[in-house]
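Residue numbering for the sequence shown follows full-length UniProt numbering, beginning at 1 and increasing consecutively. Contents: one structure, followed by commentary.
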Amino acid sequence: MTKVAASAAAAVADITSGSSLAVGGFGLCGIPDALIDALAARAITDLEVISNNCGTDAHGLGILLADKRIRRITASYVGENSEFARQYLAGELEVELTPQGTLAEKLRAGGAGIPAFFTPAGVGSPVADGGLPWRYAADGSVAVASPAKEVRTFGGAWGERRYVLEESLTADFALVHARIGDTEGNLVFEKSARNFNPLAAMAGRVCIAQVEYLVPAGDLDPARIHLPGVFVDRVVHTGPQRKHIEKRTVAEEPST
Numbered sequence: 001m002t003k004v005a006a007s008a009a010a011a012v013a014d015i016t017s018g019s020s021l022a023v024g025g026f027g028l029c030g031i032p033d034a035l036i037d038a039l040a041a042r043a044i045t046d047l048e049v050i051s052n053n054c055g056t057d058a059h060g061l062g063i064l065l066a067d068k069r070i071r072r073i074t075a076s077y078v079g080e081n082s083e084f085a086r087q088y089l090a091g092e093l094e095v096e097l098t099p100q101g102t103l104a105e106k107l108r109a110g111g112a113g114i115p116a117f118f119t120p121a122g123v124g125s126p127v128a129d130g131g132l133p134w135r136y137a138a139d140g141s142v143a144v145a146s147p148a149k150e151v152r153t154f155g156g157a158w159g160e161r162r163y164v165l166e167e168s169l170t171a172d173f174a175l176v177h178a179r180i181g182d183t184e185g186n187l188v189f190e191k192s193a194r195n196f197n198p199l200a201a202m203a204g205r206v207c208i209a210q211v212e213y214l215v216p217a218g219d220l221d222p223a224r225i226h227l228p229g230v231f232v233d234r235v236v237h238t239g240p241q242r243k244h245i246e247k248r249t250v251a252e253e254p255s256t
């Protein structure tokens, strides 16, 4: 059976309400925008999303968020999305903020079949001790807080140090963007657009990849492949991605 889907809509057709999604991208760099747009065109809701952030108000996952399609987000920061912040503070959205490196490793470990790992990141803070607001109540009080996590001390070359136990992450589906893909799902990412895409792809039980350029199997140099096709279930050719600027900064014209 071919891994190539006829369209973005066909590729995401079996994603249902309540599904969990691991979504690649960082800000607006390397986001699977065509797949997100295809999801937005369908009447599905109560999605649980794992992603570094949630796009912006008008692009990427921000489209699903603005339409109240997302119930819960595991992310490392709010970013340039004012609606993300508003929904979180208003108690309309459950958010698990996670240190960025920890989030990356939780996805990688999930894809590698590792159930949990110890890390020093977050020790001595509410990340390990618990109490981070996951969901606020309408009156601004904390309705759901993060639980405390196991902390252990290990020795090593730098002496004894405390580490917190973090559980890995997996999702029903992964949505990722790649520069080049072949018909067997082998993917090549473009520079910084690589970011969370390989990690999200590994963590999804079903991985759907949109690619700007699709080539026949065997055309890619094996040494250039960033993610092998064993992790990818569907490929859809979307053409060159339109690049959006997350935060435009310009300099004043120097006086003459």
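The beta-carbon is built from N, C-alpha and C at its ideal position, and this holds for glycine as well.
Tell me where the beta strand (DSSP E) around residue i begins and ends.
i, result
"T153", "V151 to F154"
"E48", "L47 to I50"
"P133", "P133 to Y136"
"L21", "S20 to V23"
"T249", "Unbroken run through T249: none, as it is neither H nor E."
"I73", "I70 to A75"
"A145", "V142 to A145"
Would you kindly report the start and end of the unbroken alpha helix (DSSP H) that includes residue i?
i, result
"R86", "S82 to L89"
"E94", "Unbroken run through E94 is the beta strand (DSSP E), E94 to L97; no alpha helix (DSSP H)."
"I36", "D33 to A40"
"R108", "Q100 to A112"
"G62", "L61 to A66"
"A8", "A8 to A11"
Under the DSSP definition of a beta bridge, which residues are partnered with residue i?
i, result
"G204", "A171"
"H237", "V211"
"D182", "V215"
"C29", "F26"
"V176", "A209"
"V78", "Answer is none; V78 lacks a bridge partner."
"R161", "F154"
"E190", "None, per the DSSP bridge assignment."
Confirm, please, whether the CB-CB distance from residue j to residue i is below 7 Å.
i, j, result
"F189", "C207", "no"
"A157", "G181", "no"
"I63", "V95", "no"
"V151", "R161", "no"
"T102", "A121", "yes"
"L165", "F118", "yes"
"A41", "A8", "no"
"residue 257", "I114", "Any answer about residue 257 is impossible in this case: the structure gives the chain only from 1 up to 256."
"I70", "L47", "yes"
"D129", "A145", "no"
"G204", "A174", "yes"
"K68", "G185", "no"
"L28", "G79", "no"
"residue 271", "D233", "No answer is possible for residue 271: the residues shown for the chain start at 1 and end at 256."
If you reduce the DSSP assignment to three classes, tell me which class residue i lands in.
i, result
"G124", "coil"
"T119", "strand"
"L214", "strand"
"I245", "coil"
"F231", "helix"
"L220", "coil"
"L199", "helix"
Measuring only the C-alpha atoms, how far is residue i from residue j?
i, j, result
"S125", "K191", "33 Å"
"P99", "S255", "44 Å"
"N197", "K106", "13 Å"
"I212", "G110", "It should be noted that the sequence gives Glu, not Ile, for residue 212. Between E212 and G110, the C-alpha separation is close to 27 Å."
"F26", "L132", "23 Å"
"L89", "M1", "46 Å"
"A5", "I225", "21 Å"
"Q87", "A22", "20 Å"
"T170", "A251", "43 Å"
"H177", "R194", "8 Å"
"I31", "G24", "6 Å"
"G155", "A104", "24 Å"
"N52", "G159", "32 Å"
"P240", "R179", "8 Å"
"D139", "G91", "9 Å"
"R135", "V142", "6 Å"
"V49", "D57", "16 Å"
"G229", "P216", "13 Å"
"M202", "L227", "9 Å"
"T238", "T153", "49 Å"
"I15", "N81", "25 Å"
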